[in-house]
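I have placed the structure first, in the form of structure tokens, so that the comments after it can refer back to it.
2 protein chains.
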Amino acid sequence: MSETTTVRKRSSVDSRERLLKAAGELFTERGYEKTTVRDIGQRADVDPTMIARYFGGKAQLYLAALRRDTAPLSDPPADLSSADGVLGLLERVGARGSTPTLYAAVRPHENAELQSAAMELLLSRMVGPSEQKARAAGYSDAQLRAEIVTAALAGIVMSRTSNAFDTLGSATSAEVAPLVSELLGGLLR
Amino acid sequence: MSETTTVRKRSSVDSRERLLKAAGELFTERGYEKTTVRDIGQRADVDPTMIARYFGGKAQLYLAALRRDTAPLSDPPADLSSADGVLGLLERVGARGSTPTLYAAVRPHENAELQSAAMELLLSRMVGPSEQKARAAGYSDAQLRAEIVTAALAGIVMSRTSNAFDTLGSATSAEVAPLVSELLGGLLR
DNA sequence: CGGCGTAGTCTACAGCTGTAGACATCACTT
DNA sequence: AAGTGATGTCTACAGCTGTAGACTACGCCG
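Which chain is which? The protein sequence lines are A and B, in order. Heads up, the first sequence is in the numbering used here, so the first residue is 770 and it goes up one at a time. Heads up, the second sequence is in the numbering used here, so the first residue is 770 and it goes up one at a time.
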């Protein structure tokens with residue numbers, strides 16, 4: 770039949786995708802520890818035990834969600850000293866949930882393997898570019914500057930997604946970006 | 770006997786103190802979720818069930834440790850735009866573990882009550898002073914600036930205690946402080 | 001000495017977590 | 001039409017968590 774063409778109950782790639790999406794959201798909202806596979810399964814409308822089957826376990830799903838959601842972090846790599854660069858980054862980060870990567874990197878080992886994987890992503894996508902910029906500006910402590918800038922940005926992004934600061938949390942990306950780029954740019958030029 | 774004078778097995782204030790100390794350390798090292806009352810009891814060399822008895826439960830112990838460890842955050846309140854102010858803050862934070870407060874504030878609700886308590890501390894001790902400074906400098910968006918500065922500093926402090934960034938993590942407070950104050954000061958003057 | 005309140009110990013339990021493993025259902029090929 | 005492999009469902013379990021509750025040891029006061 771052409772009507773029910775290739776419609777299984779569901780395709781495995783679809784289930785995988787739903788799990789990845791739900792996992793990314795929940796890990797962003799609650800963090801790794803407080804998110805249970807049952808939560809993820811429920812939101813994805815997929816049986817939780819599929820997580821073990823498809824990804825190998827909760828930790829592997831987390832890594833997969835990390836990789837999936839980290840792409841917009843710097844794609845293209847952001848220029849953190851320009852308001853436009855920061856604005857683009859903030860909006861990409863807001864659209865998809867890239868905060869798990871930041872949490873994993875910044876937090877003392879939620880899980881050692883997960884942390885190092887997250888750091889690898891963060892290093893190549895944020896610290897590296899900033900370091901080049903600082904080096905181009907003639908600083909000998911370029912790496913330290915780049916790491917400080919990255920850490921500061923991580924703090925700001927995380928604070929925005931948490932509901933901690935009311936002004937910062939409710940301000941739009943467009944309002945925040947100029948100030949953030951002014952802040953970060955101070956160390957890069 | 771004068772030898773075993775007022776030495777009970779132990780005094781209750783002593784046990785309380787040991788629990789608070791161990792809790793502060795462990796919450797700093799591992800975060801709230803991953804720290805178990807059994808861990809705390811073992812490090813404090815006090816029975817874990819005493820936590821429930823003395824403090825009411827794990828959450829209350831966390832709050833107590835928070836209050837205890839947050840004092841050095843700004844005591845005296847730090848001038849974040851001066852290298853000395855930042856240096857003093859970094860050293861006080863390093864000496865005792867004030868990072869749980871930052872985590873609690875920045876993270877999406879590890880626990881709603883805990884988060885709001887941590888935020889209250891952070892607001893009065895860091896955002897407030899920075900906001901005054903920004904207002905004195907004539908900015909109309911003083912609160913937003915203060916919150917950005919606080920969030921950035923939180924990210925830097927957390928990154929230093931995690932082992933995420935190798936350069937930032939191994940740099941001394943004296944090396945980091947000038948750069949951080951340069952970074953933060955840009956938004957406050 | 002005999003009781004009493006404080007401090008500490010130990011056991012137990014109900015709840016939750018991640019996941020293995022047995023079973024069921026479907027689409028498609030031969 | 002029957003088989004076959006992929007996909008989804010359900011149950012069960014071992015481990016850990018926070019904590020209540022019963023019990024024990026200790027120092028002090030009369």
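Virtual Cβ for every residue (Gly too), placed ideally from N, Cα, C. It should be emphasised that the depicted structure is a prediction, and the values quoted were computed from it without experimental measurement.
Considering only beta carbons, the part of the stretch 893 to 908 of chain B lying closer than 9 Å to chain A consists of Val-896, in chain order.
When the beta-carbon positions are compared, Gly-924/B and Ala-920/A come within less than 8 Å of each other. With its beta carbon at least 8 Å from every one in chain B, Gly-857/A lies outside the interface.
When DSSP states are grouped into helix, strand and coil, Tyr-823/A belongs to the helix group.
Membership of Tyr-872/A in the alpha helix (DSSP H) is indicated by the continuous run 868 to 875. DSSP places Glu-802/A outside both helix and strand once states are collapsed to three, so it counts as coil.
Scanning chain A for C-beta atoms nearer than 8 Å to the C-beta of Ser-942/B yields nothing, as the closest lies near 13 Å away. The criterion of a C-beta distance shorter than 8 Å is satisfied by Leu-788/A and Leu-830/A. At a cut-off of 8 Å between C-beta atoms, Ala-791/B does not count as an interface residue with respect to chain A. For the pair Gln-884/B and Ser-928/B, the Cα-to-Cα distance works out to about 20 Å.
A direct Cα-to-Cα measurement between Ala-903/A and Gly-857/A gives close to 20 Å. With respect to the C-alpha of Gly-954/B, the residue from Ala-933/B, Glu-900/B, Ser-931/B, Thr-930/B having the closest C-alpha is Glu-900/B.
When Arg-807/A, Val-806/A, Met-819/A are compared, the shortest CA-CA separation from Ser-781/A is found for Met-819/A. Taking the beta carbon of Ile-925/A as reference, the chain B residues within 7 Å of it are Ile-917, Ala-920, Ala-921, Gly-924, listed in sequence order. Inclusion of Leu-937/A and Leu-849/A in the CB contact set at 8 Å is not warranted, their separation being larger than that value. Under the three-state reduction of DSSP, Val-815/B is assigned to coil, being neither helix nor strand.
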